[in-house]
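Below is one structure, written out as structure tokens; comments come after it.
Numbering (this note's numbering), first residue to last: 30 to 211.
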């Protein structure tokens with residue numbers, strides 16, 4: 030459990046620079062929070078790396094980290110990600126902790142015009158609200174984009190709203206559509 034706490038604390042406290050060649054999103058006040066791209070903190074696996082973003086509490090009301098990456102050819106081609114079983118299969122929560130479980134039932138979570146699903150998960154054996162993360166998956170064709178969000182105060186309705194807005198933002202959608210082939 031200490032390892033989980035250290036990863037979450039390190040992730041949320043990191044003010045690392047944006048990746049080379051990538052600019053920070055402009056800051057326009059509280060209505061448009063500033064998301065900064067940071068280095069992908071996880072080891073390489075069969076899906077490769079993704080992109081990591083952070084929004085500080087001053088901009089988002091709570092520190093939020095979002096990790097996003099594609100999984101090409103790893104989605105139900107007929108329905109996309111449309112239920113908890115598929116979300117459990119495609120999600121990346123295991124990058125944060127080897128032990129986790131659902132904190133609640135999932136719900137539809139379209140991103141742009143793509144079918145999507147979200148579900149909150151509790152990390153570790155304890156069900157500490159600060160150890161709750163949000164997994165979101167959305168798909169096009171047989172490809173899926175997976176996002177995992179960590180909130181400094183857990184996954185509150187405000188954190189869900191910020192994550193939804195981030196995923197629905199034009200730059201994120203354009204990148205996702207390009208990688209998913211939609």
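Note that beta-carbon positions come from the ideal geometry of N, C-alpha and C, so glycine has one too.
Around the beta carbon of residue 62, 16 or more other beta carbons lie within 10 angstroms, which makes this residue buried.
Comparing alpha carbon positions, the residue from 112, 142, 143, 140 closest to residue 131 is 112. Beta-bridge analysis with DSSP links residue 66 to 82. Collapsing the DSSP output to three states places residue 72 in coil. For residue 126, the three-state secondary structure derived from DSSP is coil. In the DSSP assignment, residue 105 is bridged to no other residue. Fewer than three beta-carbon pairs drawn from the segment 118-126 and the segment 181-188 are found closer than 8 Å, and the two stretches are therefore not classed as touching. Taking residue 86 as reference, the option from 179, 119, 114, 77 with the minimal CA-CA separation is 179.
With contacts defined as CB atoms closer than 9 Å, residue 176 and residue 110 fail to qualify as a contacting pair. At least 9 Å separates the beta-carbon of residue 211 from that of residue 116. The C-beta distance from residue 209 to residue 99 rounds to 6 Å, short enough to meet the 8 Å contact threshold.
Apart from sequence neighbours up to five positions away, the residues of its chain that approach residue 152 with a beta-carbon distance below 7 Å are 33, 125, 126, 129, 160, 162, ordered along the chain.
For residue 174, the closest alpha carbon among the candidates 150, 65, 64, 80 is that of 80.
With a beta-carbon spacing of about 7 Å, residue 167 and residue 139 fall inside the 8 Å limit used to define contacts.
The C-beta of residue 106 has fewer than 16 other C-beta atoms within 10 Å across all chains shown, which makes the residue exposed.
Here residue 137 is bridged, per DSSP, to 146.
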